[in-house]
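K.L.:
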Amino acid sequence: SQKIEQNSEALNIQEGKTATLTCNYTNYSPAYLQWYRQDPGRGPVFLLLIRENEKEKRKERLKVTFDTTLKQSLFHITASQPADSATYLCAYYSGGYNKLIFGAGTRLAVHP
Amino acid sequence: DTGVSQDPRHKITKRGQNVTFRCDPISEHNRLYWYRQTLGQGPEFLTYFQNEAQLEKSRLLSDRFSAERPKGSFSTLEIQRTEQGDSAMYLCASSQGVAGGNEQFFGPGTRLTVL
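Protein chains in written order, with this note's numbering: chain A, 1 to 112; chain B, 1001 to 1115.
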């Protein structure tokens, strides 16, 4: 079955450092990967989308890479701030863009 | 239009009762999705509408669950004879349906607690 895996353990980093989150997928080759941010008690918020023919995508302090050989996407937040503390979810569309398959998310805590 | 809205935000019910949730998508979006999320997990797909047509349902959606989207606008998700295992956050999302993996816009969710 299609699976998408993210580090289940929380990531704790110091303010100003770069946070790197990992997303691995198996048994599928998605054309797109998406990253979402979710704060407690709220719905996910879209951050970035990367296509299979794109190696890297940037938006302000965010950077996403997509390695179709390794079946992996990395999500980077540079110059991290306590306000970046949240759960970050990766997801891809499965078959016909009818549904997103999500990973379990990685909780990021940025400490002052 | 400020985004996807859901009502109620919280619902506490007793086992065996029926509940109904409402979702109002972004007005120009023709695609609407329902997901369920439990603690420590990502959202799990339940069902998808394109306009008023329900085009896909997950195996998670048992016979006790039904969803509608009359006239292709708002949607309702009903759970009959609720069970404690139904306790979760129910999320609605919408997107503009063109080819390609477009972003989905999520509502704040309805948190269901079944006692």
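From the three backbone atoms N, C-alpha and C, an ideal C-beta is built for every residue, glycine too.
Whose Cβ in chain A lies nearer than 8 Å to the Cβ of B:Gly1072?
P.N.:
Chain A residues near B:Gly1072: none, gap ~16 Å exceeds 8 Å.
K.L.:
For the candidate residues B:Tyr1048, B:Leu1055, B:Gly1040 and B:Asn1051, whose alpha-carbon lies nearest to that of A:Gln6?
P.N.:
The shortest Cα separation from A:Gln6 among B:Tyr1048, B:Leu1055, B:Gly1040 and B:Asn1051 belongs to B:Gly1040.
K.L.:
Could you check if B:Thr1110 is buried or exposed, using at least 16 other CB atoms within 10 Å of its CB as the buried criterion?
P.N.:
With 16 or more Cβ atoms within 10 Å of its Cβ, B:Thr1110 is classed as buried.
K.L.:
Can you tell me which of A:Gly103, A:Ala104, A:Thr87 and A:Leu100 puts its alpha carbon nearest to the alpha carbon of A:Asn12?
P.N.:
For A:Asn12, the nearest C-alpha among the options comes from A:Thr87.
K.L.:
Would you list, in sequence order, the uninterrupted beta strand (DSSP E) runs of no fewer than 3 residues that lie entirely inside the stretch 45 to 77 of chain A?
P.N.:
If we require 3 residues or more, the beta strand (DSSP E) runs fully inside the stretch 45 to 77 of chain A come out as 45 to 51, 56 to 59, 62 to 67 and 72 to 77.
K.L.:
If you follow the beta strand (DSSP E) that B:Phe1065 is in, where does it begin and where does it stop?
P.N.:
B:Phe1065 -> beta strand (DSSP E) spans Phe1065 to Glu1068.
K.L.:
Taking the alpha carbon of A:His76 as the reference point, which residue from A:Glu9, A:Lys3, A:Tyr93 and A:Lys17 has its own alpha carbon closest?
P.N.:
When only C-alpha atoms are compared, the closest one is A:Lys17.
K.L.:
Taking 6 Å as the limit between beta carbons, can you name the residues of its chain near A:Glu34, skipping five residues before and five after?
P.N.:
This sequence places Gln at residue 34 of chain A; Glu is not what is there. Answer for A:Gln34: Leu49 and Ala91, listed in chain order.
K.L.:
B:Ser1062 and B:Arg1069 - do their beta-carbons sit closer together than 8 Å?
P.N.:
Going by C-beta atoms, B:Arg1069 is not nearer than 8 Å to B:Ser1062.
K.L.:
B:Lys1057 by DSSP, collapsed to three states: which one?
P.N.:
Strand.
K.L.:
Given a cut-off of 8 Å, decide if B:Asn1051 and B:Gly1072 are closer than it, judged by their beta-carbon atoms.
P.N.:
The answer is yes: Cβ separation under 8 Å.
K.L.:
Quick one: list the residues of chain A neighbouring B:Leu1055, beta-carbon separation under 7 Å, in chain order.
P.N.:
Within chain A, the residues near B:Leu1055 are Asn98.
K.L.:
What would DSSP say about A:Ala83, mapped onto helix, strand or coil?
P.N.:
Note: A:Ala83 maps to helix in three-state DSSP.
K.L.:
Kindly indicate which residue of B:Arg1059, B:Leu1115, B:Val1004 and B:Arg1031 has the alpha-carbon position closest to the one of B:Pro1025.
P.N.:
Closest by alpha carbon: B:Val1004.
K.L.:
What did DSSP end up calling A:Lys3 once you bin it into helix, strand or coil?
P.N.:
Strand, per DSSP.
K.L.:
Which residues mark the beginning and the end of the beta strand (DSSP E) in which B:Asp1024 is found?
P.N.:
Note, B:Asp1024: beta strand (DSSP E), Val1019 to Asp1024.
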